[in-house]
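**Q** Starting off with a structure, shown below.
In my numbering, the protein residues as written are 4 to 318.
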């Protein structure tokens with residue numbers, strides 16, 4: 004899977020920014036083992052580091068601790084699991100030994116945590132899924148149905164969509180249709196992350212839904228839909244090529260800043276988005292775009308120039 008484009012900020016004329024406003028993050032560049040850590044760090048960014056505890060001790064704090072203790076325990080627990088998975092993938096010794104039966108105790112914690120404690124339950128579901136328990140993926144899908152009243156800022160649904168997109172097929176196949184439906188949600192953040200997630204959930208209706216999203220009123224939704232389409236093996240995959248070309252043009256970001264002065268304040272953010280657009284356009288292999296790709300190989304943007312040279316060298 005690929006990156007979604009990245010955005011920062013949000014102007015005062017728009018709605019109050021949701022907690023995930025800045026989270027236009029990649030679903031592929033991030034190693035699978037640390038995706039949960041990213042989600043948790045994002046919401047608990049202010050967690051205070053304290054004395055290190057074992058996995059089991061942190062799980063105990065999550066289930067039975069006070070409010071602050073549970074928050075810190077959850078932060079540490081997910082970080083430790085993420086570090087273990089990263090070490091395992093690199094063939095290194097696990098920094099946090101996992102005692103026998105730990106996965107079962109996480110499953111038991113899911114049953115003990117109150118149903119209304121959505122953020123902790125979401126994280127436990129993500130942990131279970133990361134540890135290979137199919138129940139975890141099923142739990143994540145259930146979070147897609149959380150009501151607006153219970154998830155007013157969209158954080159629960161945003162992260163559930165993100166995680167299910169990361170899991171992808173075949174394990175998250177049942178989530179494909181519900182995630183497609185989020186492309187019609189009134190929240191542009193949920194629409195955008197749905198487009199990103201659908202990169203990894205091809206199948207019935209995906210290309211059609213993403214093609215419709217190319218007409219979305221929000222630039223980032225259109226852009227992520229175009230990038231997602233470039234990954235599909237479907238006749239519609241080239242439908243967003245014109246948007247990918249727009250993403251490569253620096254003037255596009257200048258126009259967006261005129262509409263919202265807090266968008267795209269950093270050059271490296273624009274560069275990263277242009278690199279993503281370049282990769283998507285290259286995947287389409289349209290002959291008409293070869294001159295554009297060749298011109299980008301002489302770009303003053305070093306990251307973009309290197310990406311263009313790699314693409315041209317692979318042809």
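Positions of the beta carbon are idealized from the N, C-alpha and C atoms, including for glycine.
Ignoring anything shorter than 4 residues or poking outside the segment 57-125, list the alpha helix (DSSP H) runs there in chain order.
**A** The segment 57-125 contains these whole alpha helix (DSSP H) runs: 58-67, 70-92 and 105-115.
**Q** If we count the other Cβ atoms within 10 Å of its Cβ and call it buried at 16 or more, is residue 109 buried or exposed?
**A** In the chain shown, counting from the first residue as 1, residue 109 sits at position 106. Looking at its Cβ environment, which holds 16 or more other Cβ atoms inside 10 Å, residue 109 is buried.
**Q** Who are the Cβ neighbours of residue 106 in its own chain at under 7 Å, not counting the five residues just before and after it?
**A** By one-based count along the chain shown, residue 106 stands at place 103. Hits under 7 Å: 134 and 136.
**Q** Could you give the DSSP three-state label for residue 264: helix, strand or coil?
**A** The residue labelled residue 264 in the question sits at position 261 within the chain shown. Residue state, collapsed to three classes: coil.
**Q** Hey, how far is the Cα of residue 181 from the Cα of residue 190?
**A** Position 178 of the chain shown, counting from 1, holds the residue named residue 181. Position 187 of the chain shown, counting from 1, holds the residue named residue 190. Going from the Cα of residue 181 to the Cα of residue 190 covers about 15 Å.
**Q** Could you tell me if residue 187 is buried or exposed, where buried requires 16 or more neighbouring beta carbons within 10 angstroms of its beta carbon?
**A** To locate residue 187, count along the chain shown from 1; it is residue 184. With fewer than 16 Cβ atoms within 10 Å of its Cβ, residue 187 is classed as exposed.
**Q** Runs of 3 residues minimum, wholly inside the segment 211-264: which ones carry the beta strand (DSSP E) assignment?
**A** Those beta strand (DSSP E) runs which fall completely within the segment 211-264 and span 3+ residues do not exist here.
**Q** Below 8 Å on the Cβ atoms is my guess for residue 233 versus residue 225; work out the distance and round it to an integer in Å.
**A** Position 230 of the chain shown holds residue 233. Position 222 of the chain shown holds residue 225. 13 Å between Cβ atoms; not a contact.
**Q** Rounded to the nearest angstrom, what separates residue 42 and residue 313 at their Cα positions?
**A** What you label residue 42 is simply residue 39 of the chain shown in a count that begins at 1. What you label residue 313 is simply residue 310 of the chain shown in a count that begins at 1. For residue 42, the predicted structure reports a pLDDT of 48, less than 50, and the residue's modelled location is therefore unreliable. A value from the coordinates is still provided. Each residue's alpha carbon lies about 31 Å from the other.
**Q** Can you name, in chain order, every residue of its own chain whose Cβ lies under 6 Å from the Cβ of residue 28, other than the five neighbours on each side?
**A** Counted from its first residue, the chain shown places residue 28 at position 25. Since pLDDT at residue 28 reaches only 41, below the 50 mark, its modelled position is unreliable, and no value is offered.
**Q** Looking at C-alpha atoms only, which residue of 218, 194, 263 and 173 is the closest neighbour of residue 205?
**A** In the chain shown, residue 205 corresponds to position 202, counting from 1. Comparing Cα positions, the closest option is 173.
**Q** Run the CB neighbour count on residue 148, radius 10 Å, all protein chains shown included, and call it buried at 16 or more, exposed below.
**A** To locate residue 148, count along the chain shown from 1; it is residue 145. So residue 148 ends up on the exposed side.
**Q** For residue 112 versus residue 127, is the C-beta distance shorter than 8 Å?
**A** Here residue 112 corresponds to residue number 109 of the chain shown, with the count starting at 1. Here residue 127 corresponds to residue number 124 of the chain shown, with the count starting at 1. Cβ atoms of residue 112 and residue 127: closer than 8 Å.
**Q** If you draw a straight line from the alpha carbon of residue 132 to that of residue 140, how long is it in whole angstroms?
**A** Within the chain shown, residue 132 is the residue found at index 129, counting from 1. Within the chain shown, residue 140 is the residue found at index 137, counting from 1. Roughly 5 Å separates the two Cα atoms.
**Q** Compare the beta carbon distance of residue 317 and residue 300 with 8 Å and say whether it is the shorter of the two.
**A** Here residue 317 refers to the residue found at position 314 of the chain shown. Here residue 300 refers to the residue found at position 297 of the chain shown. No, the pair does not count as a contact, with Cβ atoms beyond the cut-off.
**Q** Would residue 157 and residue 125 qualify as a contact pair, given that the criterion is a beta-carbon distance under 8 Å?
**A** Within the chain shown, residue 157 is the residue found at index 154, counting from 1. Within the chain shown, residue 125 is the residue found at index 122, counting from 1. Going by C-beta atoms, residue 157 is not nearer than 8 Å to residue 125.
**Q** List the endpoints of the continuous alpha helix (DSSP H) containing residue 313.
**A** Working through the chain shown from its first residue, we reach residue 313 at position 310. Counting along the chain, the alpha helix (DSSP H) containing residue 313 begins and ends at 305-316.
**Q** Along the chain, where does the alpha helix (DSSP H) that runs through residue 184 open and close?
**A** On the chain shown, position 181 is the one that residue 184 refers to. Residues 179-184.
**Q** Taking only the alpha-carbon atoms, compute the straight-line gap between residue 88 and residue 95 and give it to the nearest angstrom.
**A** Here residue 88 corresponds to residue number 85 of the chain shown, with the count starting at 1. Here residue 95 corresponds to residue number 92 of the chain shown, with the count starting at 1. Their Cα atoms are separated by approximately 10 Å.
**Q** DSSP on residue 188, reduced to helix/strand/coil?
**A** The residue you call residue 188 lines up with position 185 of the chain shown. Residue 188 falls in the coil class under three-state DSSP.
**Q** Assuming residue 118 contacts residue 146 under a Cβ cut-off of 8 Å, what Cβ separation, rounded to an integer in Å, is found between them?
**A** Taking the first residue of the chain shown as 1, we reach residue 118 at position 115. Taking the first residue of the chain shown as 1, we reach residue 146 at position 143. Not really, about 12 Å apart at Cβ, beyond 8 Å.
**Q** Check for me: the alpha helix (DSSP H) holding residue 294 runs from which residue to which?
**A** Reading the chain shown from its first residue, position 291 is the one you call residue 294. Start and end: 293-299.
**Q** Less than 8 Å between the C-beta atoms of residue 212 and residue 183, yes or no?
**A** The residue given as residue 212 occupies position 209 in the chain shown. The residue given as residue 183 occupies position 180 in the chain shown. Yes. Within cutoff.
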